[in-house]
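Engineer:
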Amino acid sequence: MENYRSEKKEKLKARRQNSGIVIRAVSNVSDAESPQTQATSDMIVPMRRGERDYKNRSRDKRSSPVVMNSIFYLLRMMILGVGLSAIAGTVLTVFDPTIISEFVTSKLNLPQLLPAKSTAKKAVLASQPKPTPQPSPHSSPAAFSLTQEIAPLKKKLMDLVPKYPKLEARAFFVDMDNGNYVDINAQAPIPAASTIKIFVLVALLEQIDAGKVRLDEQLTMTKDIVTSGSGDMQYQPVGKKFTVLETATKMIIISDNTATDMLVKRLGGKQVLNQRFREWGLTNTIINNILPDLEGTNTTSPRDLAYILMRVNQGELLSLKSRDRMLNIMQQTKTRTLLPQGLDSDAIIAHKTGDIGTVLGDAGIIDMPNGKRYIGAVMVKRPYNDTAGRMMIQEISRTVYQHLKWSSASQFLKPEAPQASPVASPQASPVASPQASPVASPQASPVASPQASPTQRTQAAPAAPAASPINP
């Protein structure tokens, strides 16, 4: 019996070892059996296939949530990282990089890396060849240059000064055919009066060429720009509309102050215009007050006036179309008691006058019947409304006109020098200089055809020695 039980236990143990599961169990012997059979022993408990599959599935179920949680955690971290990167990038683009660099370096005591990088970048850019500036589409092939002062003419003008002891005259004239000029204290600033409107007109036409203002644009006359003095727009009802061309024409022809203030406002105000004047190279032309400027706070100089007209004449500031429009408007100026009184009846002048009682002036472009063109600007300080100021400007204009008229005619009276070179002699023959004949030069009118442009006339004129560029 004992052997049978032992054999049965051995077989049971062998089967349990084959199943691979070891457990501890207590034998089912009776209490009367031996103590050895009552002791616990390691036993191999067999496991059925269904039970093994159930436990394996339970183990998989316990491990699946851990894997999924890890995946979701990684996804959340990635989304959070992308969001933080986007926010940080937006913030960095708002602030100046130099400010961020200073903040970081001040907090962390780091060296200033950004300035060094900027310096290196500037050094690289400086080492690169600079592009050649392209000429302006309105610029002339060669900048106009002054040559030499006309000494005989200057003496004639200085001889006029003792005749007007109460007056202080300043003048600048330049022959556009050869660059010869006369300067009578022309660089000193003086109240501009209404001659300031020449500069406003040039600035307006420049903006029209740039496409920023249209000639047919409607301007509304508001209450704040209605002003007294010359002109008739002040008598129109507030709210009435005028085109830009109509306003500019009134500003010059009848010297309308309301029209001037309306255009100054349209162009951005006096500060914008003053900046533009400086960019043009004008040193004495400043708008300090709206018109009428009876106190004389707005200033200019005869040289500034002549300089701006020279640049317009050469096509340096305006297109040829705008230049011709400007000269056409200035030819219609109503006040003709100053420079025009010293000209022949068949001469043509495009000009603008100015008068505030104590200062009287006139500046313009004059075309002589023989084809010569010159530019003149005269300003006179005088006792209030003293008629001697008008007489002095007339006499200065007459003296200059007659001198240039006969100096041009003398070219025909002199015998032609053998083998004369136009470059070596400014007094070239009529064949070498077509400007000496009104037939050869159709520039009797400022509004000339393209074939009669001032630039061509300047190029055709003989070059004088010791030329110096005009510099106001």
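Numbering (the numbering used here), first residue to last: 25 to 496.
Cβ atoms here follow ideal geometry from the backbone N, Cα and C, with glycine treated the same way.
1) Since Ala195 contacts Pro326 with CB under 8 Å, what's their CB separation in whole angstroms?
2) Name the residue from Ile278, Thr267 and Thr273 whose alpha carbon lies nearest to the alpha carbon of Lys358.
3) Suppose the cutoff is 6 Å on Cβ atoms and the five residues either side in sequence are ignored; what does the same chain contact list for Leu269 look like?
4) Return the chain-ordered list of same chain residues with a C-beta closer than 8 Å to the C-beta of Val262, the five sequence neighbours on each side being excluded.
5) Exposed or buried, which one is Arg406 when buried takes at least 16 other CB atoms within 10 Å?
6) If you follow the alpha helix (DSSP H) that Lys180 is part of, which residue opens it and which one closes it?
7) Less than 8 Å between the beta carbons of Asn322 and Ala216, yes or no?
8) Roughly how many angstroms lie between the CA atoms of Gln418 and Asp348, to the nearest whole one?
9) So does the segment 310-318 actually touch the segment 380-392, counting three or more Cβ pairs closer than 8 Å?
10) Determine the DSSP secondary structure at Thr244, reduced to helix, strand or coil.
11) For Gln242 and Lys274, what's the separation of their Cα atoms in angstroms?
12) By DSSP's criteria, Val206 is part of a beta bridge. Which residues make up the other side?
13) Assign Glu34 to buried or exposed, taking buried as 16 or more other Cβ atoms, counted over all protein chains shown, within 10 Å of its Cβ.
14) Report buried or exposed for Val424, applying the criterion of at least 16 other Cβ atoms within 10 angstroms of its Cβ.
15) Do the CB positions of Leu344 and Val336 come within less than 8 Å of each other?
16) Can you tell which of Gln258, Phe96, Arg414 and Val198 has the C-alpha that lies nearest to the C-alpha of Ser169?
17) How far does the alpha helix (DSSP H) with Leu384 in it reach, from first residue to last?
18) Is DSSP giving Phe96 helix, strand or coil here?
19) Please return the same chain residues whose Cβ sits closer than 6 Å to the Cβ of Leu177, not counting the five positions on each side in sequence.
20) Tell me the rounded alpha-carbon separation between Asp5 and Val185.
21) Let's see if you can read the secondary structure: which residues bound the alpha helix (DSSP H) around Arg302?
22) Would you give the residue range spanned by the alpha helix (DSSP H) that Thr331 belongs to?
23) For Pro364, count the other beta carbons within 10 Å of its own beta carbon; 16 or more makes it buried, fewer makes it exposed. Which is it?
24) DSSP has His375 in a bridge; who is on the other side?
25) Check the DSSP bridge columns for Gly113 and list the partner residues they point to.
26) What do you reckon, is the C-beta of Tyr398 under 7 Å from a heavy atom of the ligand SAH?
27) Going by beta carbon distance, what residues of the same chain come within less than 8 Å of Leu437, once the five residues before and after it are set aside?
28) Does the separation of the CB atoms of Thr219 and Gly385 fall below 8 Å?
29) Could you check what DSSP says for Arg406 in three-state terms: helix, strand or coil?
Structural biologist: Taking the definition as stated:
1) Rounded, the Cβ-Cβ distance is 6 Å, consistent with contact.
2) Ile278
3) Leu239
4) Met245, Thr246, Lys247 and Val250
5) With at least 16 other beta carbons inside 10 angstroms of its own, Arg406 counts as buried.
6) Start and end: Ala175 to Leu184.
7) yes
8) 26 Å
9) yes
10) strand
11) 15 Å
12) Phe197
13) Label assigned to Glu34: exposed.
14) With 16 or more other Cβ atoms within 10 Å, it is buried.
15) no
16) Val198
17) Segment Val383 to Asp391 is the beta strand (DSSP E) holding Leu384; no alpha helix (DSSP H) there.
18) helix
19) If we look at Leu177 and ignore the five residues flanking it on each side, its Cβ neighbours are Val206 and His427.
20) The requested residue 5 does not occur in the structure, where the chain is confined to residues 25 to 496.
21) Lys294 to Trp304
22) The identity of residue 331 in the sequence shown is Tyr, whereas the question assumes Thr. Tyr331 -> alpha helix (DSSP H) spans Pro326 to Asn337.
23) buried
24) Its beta-bridge partners are Gly388.
25) Note: Gly113 sits in no beta bridge, so no partner.
26) By its list of ligands, the structure shown contains no ligand whatsoever, and the ligand SAH lies outside what it can speak to.
27) Confidence at Leu437 is low in this model, with a pLDDT of 49, below 50, so its placement is unreliable and the value that follows should be read with caution. If we look at Leu437 and ignore the five residues flanking it on each side, it has no Cβ neighbours.
28) Contact flag set, yes.
29) Arg406 falls in the coil class under three-state DSSP.
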